[in-house]
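In the numbering used here, each number is its position in the first sequence, counted from 1, plus 7.
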Amino acid sequence: MEDNVFIPYLRNRPLFRVDRDILRPSYLPERLPHREGQVDQLVQILVPALRGERPSNVLIHGQTGTGKTAVVKFIEKELRAADKMGLVHYLYLNCQIVDTPYGVLAHIANSLVEGLADKVPFTGLSVDRVYQVLLERLDARKRVVLLVLDEIDRIVAKNGDDFLYQLTKVNEDLGRSCMCLIGISNELKFTEYLDPRVRSRLGDEKLVFPPYNAEELRDILADRAAIAFQDGAVGQDVLSLIAALAAQEHGDARRALDLLRVSAEIAERAGREKLSVDDVMKAKNKLELDTVIEAVKALPTQAKLILLGVLLNEEAGNTRLTTGEVYATYRDLCRKTGIAALTSRRVTDLISELDMLGLVSATVKSFGRGGRTKEIQPSVPILETKRVLEKDEYLADLRGHRLQVQRTLFDPRP
DNA sequence: TGTCCACTGGAAGGGAGGGCTT
DNA sequence: AAGCCCTCCCTTCCAGTGGACA
8 MEDNVFIPYL RNRPLFRVDR DILRPSYLPE RLPHREGQVD QLVQILVPAL RGERPSNVLI
68 HGQTGTGKTA VVKFIEKELR AADKMGLVHY LYLNCQIVDT PYGVLAHIAN SLVEGLADKV
128 PFTGLSVDRV YQVLLERLDA RKRVVLLVLD EIDRIVAKNG DDFLYQLTKV NEDLGRSCMC
188 LIGISNELKF TEYLDPRVRS RLGDEKLVFP PYNAEELRDI LADRAAIAFQ DGAVGQDVLS
248 LIAALAAQEH GDARRALDLL RVSAEIAERA GREKLSVDDV MKAKNKLELD TVIEAVKALP
308 TQAKLILLGV LLNEEAGNTR LTTGEVYATY RDLCRKTGIA ALTSRRVTDL ISELDMLGLV
368 SATVKSFGRG GRTKEIQPSV PILETKRVLE KDEYLADLRG HRLQVQRTLF DPRP
């Protein structure tokens, strides 16, 4: 038993005191440093719910990792504990996942019943019908529904604001019950695009979550580190570095915690008892690459083909591509792989999607008589990304494929 | 000053794929 | 089985456009 390969790793846990999940964004801590104000505001807005009255609708703004979701989850926990009469029905929906009117209505309706038998199917009914079912269930007994719509801008981007308008009007169709909307969005400018009627109904109350500064991030990290690690495992220098790095990225606490967790994993794997600055830098690189790889893996084949086209061009020395050039390369690759090519209109959209994901950077630019088009450049490491792309079974034929180097008349190369 | 390029990005609509209702 | 509905992914069509060039 002594020479078992697991023994050395099993025995010493020099770093972590407890489960590393404490460092995951999903973990809800006992206190939320530097968000006391927002918690308090939200409590004041929502307290009528516990008395069976309808609270004002709320709009919450703030970039990723500013604690929006954490605060809302925290409030949920407290609310459930305080709701002795069982009046409040709380529901959290992420509009990036549930992003259609039908989906949202069906989810609310389904959250109100226990048995599988009464579930609204995920497709098949008309939206009106689901709405009627929802009204019936809501009014079956008196309750205050708190509906949290995270990333609410997604649903507007996709469906326009008619649906939100309808949702804010639900209370007019309800007798006993009532519904309060809590919208969370990353984009500060989100409300500008809304119909004024929706804006005024939805934004009775507004909460802004400013980015954390380095000092605040340090406090957050220190709190978690104290629970997660053995004493002395994380020095001030490491905490400061992580806080500074995350502060540069618009004060993203999620990022800071990820950095801390991955740094610790790197240190632990190396068998060290203390995190070093070097571990943090390694963790930073690993996280950045991981995000890219995950995003690329999840791409539909057509988008992968377009991205591959961009990368191959870059590799061949053609930087700053136009949409036309990308499309030409893409058609070429389609021919080689036997994949049916999409129209250029659709490819324009896919390029924009790649841009939104941060995999390429595409800016609309005018070249005068040369026309107006996007200028496209990859913003991912070429080799690693290509490796991921080539794993796609449809792209297998392109493994090791190279583009012909385009030379100008003045190219000095032989 | 006007022209004109190479797209951009909105609108409308088709059809496949999921599933319900009668 | 026939008739609906909703969503997703695309295509077709097209008016609109920033700025170099004549």
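Beta carbons: idealized from backbone N, C-alpha and C, even for Gly.
C-beta contact flag for Leu201 and Leu214 at 9 Å: no
Start-to-end residues for the alpha helix (DSSP H) that takes in Thr344: Thr330 to Thr344
Those residues which DSSP pairs with Cys185 across a bridge: In DSSP, Cys185 forms a bridge with Val151.
Member of Ser368, Tyr109 and Glu382 whose CA lies at the smallest distance from the CA of Phe374: The candidate whose alpha carbon is nearest that of Phe374 is Glu382.
Residues near Pro32 in its chain [Cβ-Cβ closer than 7 Å; skip 5 each side]: Correct list, in chain order: Arg261 and Leu264.
Stretch-stretch touch, CB-based, cutoff 8 Å, three pairs: the region 211-228 with the region 172-184: no
At least three beta-carbon pairs within less than 8 Å, the region 272-290 to the region 304-314: no
Pairwise C-alpha distance: Ala116 and Pro55: Looking at the backbone, the Cα of Pro55 and that of Ala116 are separated by about 23 Å.
Boundaries of the beta strand (DSSP E) in which Leu112 is found, first to last residue: Where Leu112 is concerned, there is no enclosing beta strand (DSSP E), although the alpha helix (DSSP H) it sits in stretches over Pro108 to Ser118.
Per DSSP, cross-strand counterpart(s) of Thr380: Paired residue(s): Lys372.
Cβ-Cβ distance between Asp356 and Gly72 below 9 Å: Going by C-beta atoms, Asp356 is not nearer than 9 Å to Gly72.
First and last residue of the uninterrupted beta strand (DSSP E) at Tyr172: Where Tyr172 is concerned, there is no enclosing beta strand (DSSP E), although the alpha helix (DSSP H) it sits in stretches over Asp169 to Thr175.
At least 3 beta-carbon pairs within less than 8 Å: the region 56-65 vs the region 92-110: yes
Identity of the residue in Ile189, Arg327 and Leu112 nearest Glu83 by Cα: Ile189
Per DSSP, the bridge partner or partners of Ile313: DSSP lists no bridge partner for Ile313.
Any 3 or more C-beta pairs closer than 8 Å across the region 318-327 and the region 266-278: no
Straight-line Cα distance separating Tyr401 from Gln384: 24 Å
Chain-order list of residues whose beta-carbon lies under 8 Å from that of Arg27 (same chain, five-residue window excluded): Ala235, Arg268, Ala271 and Glu272
Asn101 - containing beta strand (DSSP E), residue span: Val95 to Asn101
Leu282 versus Ala254, Val241 and Lys311, residue with shortest Cα-Cα distance: Val241
Three-state secondary structure (DSSP) of Ser359: helix
Reduced DSSP category for Arg420 - H, G, I as helix; E, B as strand; rest coil: Bear in mind that a pLDDT of 32 at Arg420, under 50, signals an unreliable position, so the number given afterwards is only what the model happens to contain. DSSP places Arg420 in coil when its eight states are reduced to three.
Asp135: CB within 8 Å of a non-hydrogen atom of the ligand ATP: The ligand ATP is not part of this structure, which contains no ligands at all.
For Asp362, the nearest candidate out of Leu252, Glu121, Thr330 and Arg42 (CA to CA): Thr330
Best match in Ala232, Cys185, Tyr219 and Leu266 for proximity to Lys293 [C-alpha to C-alpha]: Leu266
Neighbour-count burial assignment, Val12, 16 or more Cβ in a 10 Å radius: exposed
C-beta atoms of Ile227 and His41 nearer than 9 Å: yes
Length-filtered (4 minimum) alpha helix (DSSP H) runs lying within the region 229-316: 243-255, 260-276 and 284-304
Contact belief for Gly316 with Leu340 at Cβ below 8 Å, rounded distance in angstroms: Contact annotation, Gly316 with Leu340: C-beta distance approximately 6 Å; criterion of less than 8 Å satisfied.
Distance between Gly378 and Asp418 (C-alpha atoms, nearest Å): Low confidence applies to Asp418: its pLDDT is 35, below 50, so where it sits in the model is not reliable enough to give any reading.
Rounded separation between Glu223 and Leu364 - CA only: If you take the alpha carbons of Glu223 and Leu364, they lie about 28 Å apart.
Where Phe23 falls: helix, strand or coil (DSSP): strand
Closest residue to Asp404 among Thr107, Ser359, Gly345 and Leu195 (Cα-Cα distance): Gly345
Helix, strand or coil at Val367 according to DSSP, with G and I counted as helix: The three-state secondary structure of Val367, taken from DSSP, is strand.
Extent of the continuous alpha helix (DSSP H) run through Lys84: Lys75 to Ala89
The alpha helix (DSSP H) enclosing Leu3, as first and last residue numbers: Only positions 8 to 421 of the chain appear in the structure, and residue 3 is not among them; the question remains open.
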